[in-house]
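Residue numbers (the working numbering): 3 to 542.
Read through the structure below, which is laid out as C-alpha cells, and then see the notes.
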C-alpha cells in the first residue's frame, strides 16, 4: 500500500487538531514553529500572540472553559518551553487538557549543536500525561493519540515535540478519518451498586462533596438534580463552585483553603454518617481536609479514575463518569428524607454571617459591591493570594465555571490571562478578573495583549502593597517583616499607557459606578481598589 506523503508534518498535525475541533492556539512564535503556525492558519485555527508563554497557556485554559474546545499552547525551542512550565504544571494539577506543541531540532542535529537545546520531554515528564517526540512516520497518529489522551479521564496536558524538519517536510499520513470520535466514557463498574444505593437511601445525615471531575464532565445538572431529589447538602471545592446554584438551600458553598470556613463546615462533615464524593479530587484542599469524616462514616465515591492520593478513606467506589454513576444510583435509591436537617440552614447562615462585609471599604466590601453590580452570568477569575480565599467564600456562583482560578497549583499571574481567554472565546459574557497588586505586576505585559485583541475585561486590583497571605503567615509564625511589603505603582497611569482605562477606587459608591460604566466600554478597565495593608486580618 502506497503511503500518502502529500502533506508536511505541520499540515498533518494541523489537520488532526482541526478535526478535534481546535479553533485557536496561543503562544509566542520562534523559527522552529513557523511552519506549524502557518499550517494552523490554513486549517482555520487562529494563532493569538501573547507577551509570555505562561500567559498564553492560561489564555488557552480560559478559552477552553468558555467553549470546551481543546486548548492549544505553542512555544519555540529552549526558552519558550522553559517559560511555559508553570502553566503546564498548573494544567496538570488543575486537570486542564492543554495540548502543548513545541519546536525542536532533530536528534542527530542535537548531537553536535547545543544552542538553546535541552531535553524538553525530560523536563516536562513530571507535569504532563505524556510527552511525545514526533517524526515523519508518526506525527499524524501521535497527534491524534495525544489529543485523545489529554481529553481522557482525568483531563491533563500533553506535549508534542516537533522537529523543524518534520514540520517542514513531507510526512506520512496514517489514514485517520477526518472526523474524530469522542473518547469512550467509562461505564459503572462497581459490583456493589445496590449496597451503595441502600447506604445513601438509609443515611440519616448525609453530605456530598463535589470536585473538578464533575466540572470537567459537565455534570452540573446531574449533580444538582441528584442532590435536590434526595435532599443531600453539597460542599464543593473552589474549582467546582456552582455545580449547584449557591443560592440553593442545599448549597454549602466552596471550601478548601479558608480556616475560617473550615471551622464551620468541617464539624458538619465530621458528624455525617454517609459521605458521597462526586468527582472529588482533594488536590485542591488544605491539610485539614485529610480524613475529615468519622471513622464510622460510609463513604461512597463516584470517580472516573482510580484514586491514589491517600488523603482520605473510601468504603465504596463506583468507577464511572459522574453522570452515569449518579443516574445508576438514582435508579436504585428510595427517597427517605422529607426535609433538611436544621443544621444545614444553620451552617449556611453561619457561613453567610462569617463572610459578611464588616469594613467600610476593604476586600469584603469590594467583592460584595461587584457581585451586586455585575450581571448574574458574570464570569470571575481570581489570582492566588488572600483575596482569592475571601472571594471564593463570598462570590456566589449560579452555575459551574463562573469563578475560575488556579485551585490546585495556586499560582500567581493567572487571573488576567484566564479572563482574557474566556472573553476572547465568549465575548458576550461579562468577565471580571480579581488580582492583587503583586499579581498584576507579575504579568503587566498582557495588558498590551488585551489592547491588541480588543478584549474588554474588567480587572479589579486589590491594592495593599504587600504579599498579604505570606505576610499573614510570617506574622503568625512570629517572624520579622521581610520581603513581603513593597511600594505602590500608579495603576491608572499604567492602564492609560497600555491602551485601557484605569481609575483609583476608595469607596463602594465609586466602585459601583465605575464597574457599571466598564460593562459598556470597548477597552479593558482597571479598577485599582486601595484597601490598605492588613485588610484581610480576621476575614479568611
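Where is the CB? At the ideal position from N, CA and C, for every residue including glycine.
Predicted model, so just to flag it, every value in this text is computed and none were measured.
- When only Cα atoms are considered, residue 204 and residue 319 end up about 18 Å apart.
- Excluding its 5 nearest sequence neighbours in each direction, residue 89 has C-beta neighbours in its own chain below 6 Å: 56, 59, 60, listed in chain order.
- DSSP places residue 35 within a helical segment (H, G or I) once states are collapsed to three.
- With fewer than three CB-CB distances shorter than 8 Å, the region 193 to 211 does not count as touching the region 42 to 54.
- The Cβ atoms of residue 11 and residue 173 lie closer than 8 Å to each other.
- Within the same chain, 78, 79, 105, 166 come within 6 Å of residue 34 by CB-CB distance, once the 5 residues on both sides are set aside.
- Nearest C-alpha to residue 341 among 455, 273, 230: 230.
- Residue environment: residue 355 is assigned as exposed (fewer than 16 neighbouring CB atoms within 10 Å of its CB, all protein chains considered).
- Between the alpha carbons of residue 495 and residue 297 lies a distance of about 57 Å.
- Residue 115 is classed as exposed because its beta carbon has fewer than 16 other beta carbons within 10 Å across all chains shown.
- Contact between residue 159 and residue 94 holds, with the beta-carbon distance rounding to 6 Å and staying under 8 Å.
- Each residue's CA atom was taken as its position, placing residue 332 and residue 228 some 7 Å apart.
- Where residue 236 is concerned, the enclosing beta strand (DSSP E) starts and stops at 236 to 239.
- The continuous stretches of alpha helix (DSSP H) do not include residue 133, which lies in the beta strand (DSSP E) extending over residues 132 to 135.
- According to the DSSP assignment, residue 102 belongs to the beta strand (DSSP E) that extends over 101 to 106.
- Judged by their CB atoms, residue 171 and residue 127 are not nearer to each other than the 8 Å cut-off.
- Shown here, residue 299 sits in coil according to DSSP, grouped into three states, outside any helix or strand.
- A direct Cα-Cα distance of roughly 40 Å separates residue 388 from residue 330.
- DSSP places residue 26 within a strand segment (E or B) once states are collapsed to three.
- In the DSSP assignment, the residues bridged to residue 468 are 487.
- For a cut-off of 8 Å, the C-beta gap from residue 64 to residue 406 is around 7 Å, short enough to register as a contact.
- About 19 Å separates the CB atoms of residue 512 and residue 435; that is not less than 8 Å, and the two are not in contact.
- Rounded to whole angstroms, residue 246 and residue 97 show a C-alpha spacing of 20 Å.
- Fully enclosed alpha helix (DSSP H) runs of no fewer than 4 residues occupy 493 to 499, 510 to 520 of the region 476 to 542, in order along the chain.
- Going by beta carbons, residue 142 and residue 18 fall inside the 8 Å limit.
- Judged by pairs of C-beta atoms under 8 Å, the region 234 to 251 does not touch the region 302 to 309, as fewer than three such pairs exist.
- By the CB criterion at 8 Å, residue 266 and residue 353 fall inside the cutoff.
- Secondary structure of residue 352 (DSSP, three-state): helix.
- In terms of Cα proximity to residue 542, the closest of 471, 530, 521, 487 is 471.
- When rounded, the separation of the alpha-carbon atoms in residue 491 and residue 214 is 36 Å.
- With respect to residue 334, residue 196 sits close: the two C-beta atoms are nearer than 8 Å.
- With three or more CB-CB distances shorter than 8 Å, the region 455 to 462 counts as touching the region 519 to 530.
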